[in-house]
Structure formats: C-alpha cells, structure tokens
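The structure under discussion appears below in the form of structure tokens.
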C-alpha cells in the first residue's frame with residue numbers, strides 16, 4: 001500500500017454579525033462532496049503558505065494563516081486507476097477578504113456554515129473531528145487576545 005502522501009489544507013473561518021464562527025466549505029471538483037481547500041506542498045513555501053495559496057486558488061479567500069496546524073486527518077484520494085492514502089495537515093485561515101474572481105471560480109460551489117453543521121456535512125471522519133474541535137479552540141484563543 002505504501003506510505004501516505006502528504007497534503008496541506010486550510011479551514012477558512014470568519015465570524016458572522018452575531019460573532020459566531022463560520023467555516024467555508026467548497027465542493028470537490030470530481031465528486032462534489034463538501035471539503036476544505038487542500039493541495040500538495042509547494043517548493044519555496046511553508047506548508048501554511050501553500051495551504052493559504054490553495055484557499056486562494058480554490059475558494060478566492062485571503063487572510064491570515066496560522067503557522068501552527070489545527071489538526072491532521074487521512075483520507076483516500078481517488079486516482080485514475082487507484083486510490084492513494086493522503087495525510088492532510090490542516091491550518092486555520094482567518095479570512096479577511098473574499099474575492100470576486102479567482103483561478104477556480106465556477107469549478108466548485110462555496111458556502112459558509114456554522115462549525116457544527118460543517119463538521120456534519122464533510123464525509124471524511126478525520127476532517128469532521130478536526131472541525132468539531134475547532135469551536136473550542138477558537139473560543140479559547142479569542143479569550144487570550
């Protein structure tokens with residue numbers, strides 16, 4: 001089976017007018033499942049920077065990406081003739097701007113959800129677990145600032 005391939009991702013977050021945290025989910029291009037922006041590490045960029053770049057390309061969002069991961073999960077990526085196991089390191093992206101146009105606009109659906117709803121909508125159990133722990137982590141960091 002081999003070792004897991006490494007990927008990087010962001011969980012784009014913002015606060016709604018009632019100061020409740022929301023997560024931006026996007027649909028995958030092939031299966032149209034709800035996912036978060038993710039991709040492969042990039043030469044010359046830290047994993048956090050590469051993850052932020054994926055969020056720009058796939059969802060048209062920009063903001064402050066935290067350097068420390070908020071979690072990891074594994075999933076099976078469908079290839080042309082096989083599945084490959086991927087381990088995804090997830091970084092938090094505090095969204096400051098949602099752009100009008102971006103490289104993959106029109107290829108995916110995007111929607112903001114409350115964190116608990118987003119955790120239920122994603123199919124990967126590991127990603128659901130990362131999202132479920134997010135609300136506690138965000139409220140803790142908010143109290144510190």
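Numbering (this note's numbering), first residue to last: 1 to 145.
Note that the Cβ used here is the ideal one computed from N, Cα and C, for glycine as well.
Fair warning: this is a prediction, and the values are worked out from it, not measured in the lab.
- Nearest Cα to residue 104 within the set 133, 93 and 58: 58.
- Assignment of residue 54 by DSSP, reduced to helix, strand and coil, places it in the helix class.
- In the three-state scheme derived from DSSP, where H, G and I count as helix and E and B as strand, residue 136 is classed as helix.
- For residue 80, the three-state secondary structure derived from DSSP is coil.
- Secondary structure at residue 115: helix, using DSSP grouped into helix, strand and coil.
- No residue range can be given for residue 36, since it is assigned to no beta strand (DSSP E) and is classified by DSSP as neither H nor E.
- Membership of residue 63 in the beta strand (DSSP E) is indicated by the continuous run 61-65.
- Per DSSP, the beta bridge partners of residue 14 are 22.
- Cβ contact annotation for residue 36 (same chain, cutoff 6 Å, sequence separation greater than five): 9 and 11, in chain order.
- The criterion of a C-beta distance shorter than 8 Å is not satisfied by residue 67 and residue 88.
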